[in-house]
Amino acid sequence: MKPKHFLDLSELDVSDLRQILDHAISYKNGMNVIGGMSPLAGKTLAMIFEKPSTRTRVSFEVGMVQLGGHPLVIMGDNSQLGRGETIADTARVLSRMVDGVMLRTDSHEKLMEMAHYCTVPVINALTDNSHPCQLMADIMTIEEHRGPIGGKVVTWIGDGNNMANSYVEAATRFGFELRLCCPDELMVDDHYLDWAANAGGNVSVVKDPKQAASGSDVIVTDTWVSMGDTDYDRRMELLTPYQVNADLMAQAENDALFLHCLPAHRNEEVTDEVIDGVNSVVWDEAENRLHAQKGVMVWSMM
Ligand code: CP
Ligand code: NVA
Numbered sequence: 002m003k004p005k006h007f008l009d010l011s012e013l014d015v016s017d018l019r020q021i022l023d024h025a026i027s028y029k030n031g032m033n034v035i036g037g038m039s040p041l042a043g044k045t046l047a048m049i050f051e052k053p054s055t056r057t058r059v060s061f062e063v064g065m066v067q068l069g070g071h072p073l074v075i076m077g078d079n080s081q082l083g084r085g086e087t088i089a090d091t092a093r094v095l096s097r098m099v100d101g102v103m104l105r106t107d108s109h110e111k112l113m114e115m116a117h118y119c120t121v122p123v124i125n126a127l128t129d130n131s132h133p134c135q136l137m138a139d140i141m142t143i144e145e146h147r148g149p150i151g152g153k154v155v156t157w158i159g160d161g162n163n164m165a166n167s168y169v170e171a172a173t174r175f176g177f178e179l180r181l182c183c184p185d186e187l188m189v190d191d192h193y194l195d196w197a198a199n200a201g202g203n204v205s206v207v208k209d210p211k212q213a214a215s216g217s218d219v220i221v222t223d224t225w226v227s228m229g230d231t232d233y234d235r236r237m238e239l240l241t242p243y244q245v246n247a248d249l250m251a252q253a254e255n256d257a258l259f260l261h262c263l264p265a266h267r268n269e270e271v272t273d274e275v276i277d278g279v280n281s282v283v284w285d286e287a288e289n290r291l292h293a294q295k296g297v298m299v300w301s302m303m
């Protein structure tokens, strides 16, 4: 049987995504869902990090322990991967010893190669292209505060990066309207926009930040300089008009939520008054990584 990989929202049915979220909510409410107290007892998840992490590492590691399993952290540069052992060979070896592999890496191709060669489930914990685990926590957070996300207006402001790509996929899967407001040079790749258009997504590009924010139920941004980006000065120049500040939030609905996957670069992409303001739900969003991760792990590894 093909392993239940969690690679991208575009590859998953909304029924599976909903099941993961339902389980995440149950875990948050202290309820067991399937398999009793320790559904992953006796199972090991290899967690490979080729990039830094705080939330992802902690949420997977704590989540795995809470589910009764064993998390095994492998830092890329401290393993044979860092000395050139191929992803394919690593996948073959890990599949003989562990029950799941979580990978945070730079290139999406590496993730796909890992999934191709692994005979156990592979979970995408961020690549340069996407961050689907974060989206599960984001959707959970928005629904927790504002009810069903279907039909809501979500505006992405800033860099058209891996998070933005995953928002395009989430909008299409969960049925919300997504407005993308990014500098032309940093716009989401056409590949994602074309996929959304073909899959019936309601995703539009709006040039002006205030116009994009107007009437929005949710405003989301992310760092202007992602892990691996080197063009700091150019990005600052391009992205400064896209800062999420009180003026911008004032264009949105009065109760519009502010989300950010974190880590934030305060007073670059978002001002203190917004991230620390009453409409910011970033700490719930961070906490929900734990619950959402548990939903993902149980879905993949049970
Ligand atoms: N949001 C997120 O993935 O954070 P980390 O990089 O700390 O894991
Ligand atoms: N876009 C950011 C997300 C960090 C969680 C990055 O890739 O660095």
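First residue of the sequence shown? That's 2 in this note's numbering, and the numbers climb one at a time after it.
Don't be surprised by glycine CBs; every beta carbon is placed ideally from N, CA and C.
Here the region 132-140 lies against the region 159-170, with 3 or more beta-carbon pairs under 8 Å apart.
One Cα belongs to S39, the other to D195, and the distance between them is close to 42 Å.
Within the model, the alpha-carbon separation for L73 versus V59 is close to 12 Å.
As computed with DSSP, T222 is found in a beta bridge with H261. With contacts defined by Cβ atoms closer than 8 Å, T173 and A197 form a contacting pair. Secondary-structure assignment with DSSP links H71 through a beta bridge to T45.
Apart from sequence neighbours up to five positions away, the residues of its chain that approach N203 with a beta-carbon distance below 6 Å are E178, ordered along the chain. For the pair T120 and M48, the Cα-to-Cα distance works out to about 16 Å. When the beta-carbon positions are compared, F50 and R105 come within less than 8 Å of each other. Residues of the same chain with a CB within less than 7 Å of the CB of E114, apart from the 5 flanking positions on each side, are I88, A89 in chain order.
Counted as a single uninterrupted DSSP element, the alpha helix (DSSP H) harbouring M98 occupies residues 88-98.
For K153, the CB contacts under 6 Å within the same chain, skipping 5 residues up- and downstream, are F177, D218 in chain order. Boundaries of the alpha helix (DSSP H) harbouring L291: 283-302, taken from the DSSP string.
Beyond the five residues adjoining it in sequence on each side, G148 comes within less than 7 Å, by CB distance, of no other residue in the same chain. By DSSP's assignment, V102 forms a beta bridge with A47, V123. Every unbroken stretch of the beta strand (DSSP E) spanning 3 or more residues and falling wholly within the region 111-167 is given here in chain order: 123-125, 154-158.
Taking the CA atoms as reference points, D160 sits about 24 Å from G151.
Taking 7 Å as the cut-off, the C-beta of T57 counts as close to a heavy atom of ligand 1. When only Cα atoms are considered, N79 and S205 end up about 43 Å apart.
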